[in-house]
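In this text, residue positions in the sequence shown follow the UniProt record's numbering: the first is 1, and each later residue adds one.
Glycine included, C-beta positions come from ideal geometry on N, C-alpha and C.
Only one structure is covered here, and it is reproduced in the block below.
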Amino acid sequence: MSSPLNCRFASCKEGSAAGFINARRRRIGWTAAVLGLAVLAAGCQPDAAEQADAPLAPRIVWAEQVKLSDGVETQSFTGTVRPRVDAPMAFRVGGKLAERLVDVGDEVAKGDVIGRLDEGDYRHGLRVAIAQEKAAEAEAERSSADLERARELKEKGHASTAVFDRAKATANAAREALAAARERRALAENELEYAVLKADADGVVTGVSAEPGEVVTAGQPIVRLARTGEREAAIAIPESRIGAVRGAKAWVTLWALPGKRFDAALRELSPEADPAARTFDARFSIDDPEGQARLGMTATVHIARADVEKSFVVPLSAIWYRGEAAFVWRSSEDRAAVEAVPVTVRRLDEEVAYVDGGLKPGELVASLGVHRLDENLAVRVEERMAGEAVKVGALR
């Protein structure tokens with residue numbers, strides 16, 4: 001007779017076996033369902049070989065026309081607007097600086113006081129010179145009277161020639177001493193006047209180099225004064241381009257005044273290059289009667305040199321390199337393909353390149369995405385004007 005415990009154990013074994021069978025059946029069912037869906041999806045896909053043989057959509061290539069240069073070479077150099085005359089102002093005598101009446105940026109007119117020295121010593125010197133002049137005048141009057149008396153006595157025979165000659169010499173010496181005293185007085189007056197520094201022209205103060213209380217020497221700069229009037233563009237020209245400057249047409253544009261153009265002329269060219277930068281300093285006079293070019297503005301000097309050999313003009317972005325050789329992509333006549341054309345780059349400008357090579361004016365060269373092109377690539381060449389915006393997705 002079996003015990004209840006054995007019965008319960010047998011029931012558990014039967015239940016476990018049944019559960020295992022049911023779980024296995026469920027897994028088989030799910031596997032079959034997944035395989036069926038995979039077969040169905042595969043039937044909906046096109047044949048892989050057919051997909052590989054389908055032609056790709058041609059890539060859009062934006063291109064611009066090749067142009068022929070006009071035989072004028074334009075070079076641009078950036079600099080700053082400077083005054084024609086920017087000179088230091090200094091006292092012509094030394095002394096203690098009592099006051100400085102201007103600061104950087106102040107505009108002054110001719111004759112305006114810029115600064116003053118302590119005038120005490122110069123006033124004393126003037127008084128001494130005046131006193132010496134008066135003493136010399138008195139001596140000159142006395143010696144002149146003595147000379148007249150000696151002449152009268154000589155004429156009457158009461159004085160010898162020697163006495164007359166001594167009186168004459170004394171009178172001449174007194175007259176010369178009076179002239180010297182007058183010159184010393186004039187010098188003292190000038191020194192007192194020089195103790196006041198005045199502007200010698202209309203202008204603006206561009207710098208100060210002495211403060212009140214300092215003892216300055218004659219000729220020591222106190223301020224810098226840029227004269228109002230002619231303005232110049234100061235630039236540095238590389239030694240490789242110095243030959244194109246003289247005699248070339250020039251004009252100036254200002255970053256702060258877009259669209260404005262000012263005629264310019266070379267006024268000064270340094271005879272030697274800067275030892276560090278190897279550039280030559282040049283100054284171009286700006287024709288600006290309205291005074292629109294203000295000091296310190298960023299100026300670009302454009303120099304045009306004619307009678308240069310003509311070359312092809314292509315967009316700067318059209319140039320690409322294979323090693324050290326330069327190329328452009330030229331469109332076929334049907335605009336369905338491109339071919340690499342070797343070129344020689346003569347010079348580069350801000351937006352275009354001047355090249356020599358097997359090109360013709362009017363041909364189209366790729367101007368965007370040139371590093372993603374290939375001669376075997378199916379393309380559709382679209383022409384665009386220089387500077388024209390490109391549609392989104394054009395370089396897919």
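- Your pair V365 and V66 checks out as a contact, with CB atoms roughly 6 angstroms apart and the cut at 8 angstroms.
- Taking 7 angstroms as the cut-off, the beta carbon of W255 is found no closer than this to the beta carbon of A264.
- One alpha carbon belongs to E230, the other to T80, and they sit about 14 angstroms apart.
- In the displayed model, L269 falls within a strand according to three-state DSSP.
- Within the same chain, Cβ atoms closer than 7 angstroms to the Cβ of A98 are found at R116, L117, D118 and P212, the five residues on either side in sequence being excluded.
- In the DSSP assignment, S160 is bridged to no other residue.
- The three-state secondary structure of S332, taken from DSSP, is coil.
- Where Q65 is concerned, the enclosing beta strand (DSSP E) starts and stops at R59 to Q65.
- Straight-line spacing of the CA atoms in L295 and R347 works out to 32 angstroms.
- Each residue's CA atom was taken as its position, placing L101 and V205 some 11 angstroms apart.
- Taking the CA atoms as reference points, I60 sits about 20 angstroms from G362.
- Counting the other CB atoms within 10 Å of its CB gives G95 a total of 16 or more, which places it among the buried residues.
- Scanning its chain for C-beta atoms nearer than 8 angstroms, with the 5 sequence neighbours on each side dropped, one finds around E137 the residues L178 and A181, in chain order.
- DSSP places D146 in the helix class (H, G or I) of the three-state scheme.
- Between A304 and T74 a beta carbon distance of about 5 angstroms is seen, short of the 8 angstroms cut, so the two are scored as contacting.
- Taking all protein chains in view, the Cβ of M89 is crowded by 16 or more other Cβ atoms within 10 Å, so the residue is classified as buried.
- The C-beta distance from L225 to A87 rounds to 6 angstroms, short enough to meet the 8 angstroms contact threshold.
- Looking at the DSSP output, R116 bridges to E99 and V196.
- Excluding sequence positions up to five before and after R267, its CB lies within less than 7 angstroms of the CB of E232, R283, F284 and S285, all in the same chain and listed in chain order.
- A Cβ-Cβ distance of about 5 angstroms is found for the pair S143 and T170, placing them in contact under the 8 angstroms criterion.
- With a cutoff of 7 angstroms on beta-carbon distance, V341 and L373 are scored as not near each other.
- Secondary-structure assignment with DSSP links K249 through a beta bridge to A304.
- Residue burial annotation: G247 is exposed, with fewer than 16 other C-beta atoms found within 10 angstroms of its C-beta.
- Nearest in C-alpha terms to S317, of all of G323, K198, L269 and H371, is H371.
- Burial is judged here by how many other beta carbons sit within 10 angstroms of a residue's own beta carbon; Y321 has fewer than 16 and is exposed.
- Taking a C-beta distance under 7 angstroms as the contact criterion, V343 and G323 do not qualify as a contact pair.
- The criterion of a C-beta distance shorter than 7 angstroms is satisfied by A167 and L147.
- In chain order, I319, V343 and V345 place their CB closer than 6 angstroms to the CB of A326, counting only its own chain and leaving out the 5 sequence neighbours on each side.
- Excluding the 5 residues flanking it on each side, F262 has same chain C-beta neighbours closer than 6 angstroms at V252, I286, D287 and D288, in chain order.
- Excluding its 5 nearest sequence neighbours in each direction, D106 has C-beta neighbours in its own chain below 8 angstroms: V204 and V205, listed in chain order.
- By the neighbour-count definition (other C-beta atoms within 10 Å, threshold 16), V352 is a buried residue.
- In the three-state reduction of the DSSP assignment, S76 falls in the strand class.
- Rounded to whole angstroms, the separation of the alpha carbons of D349 and A244 is 16 angstroms.
- Spatial neighbours of A174 in its own chain (CB-CB distance under 6 angstroms, excluding positions within 5 residues in sequence) are listed in chain order as E139, A140 and S143.
- Here DSSP, grouped into helix, strand and coil, assigns T217 to coil.
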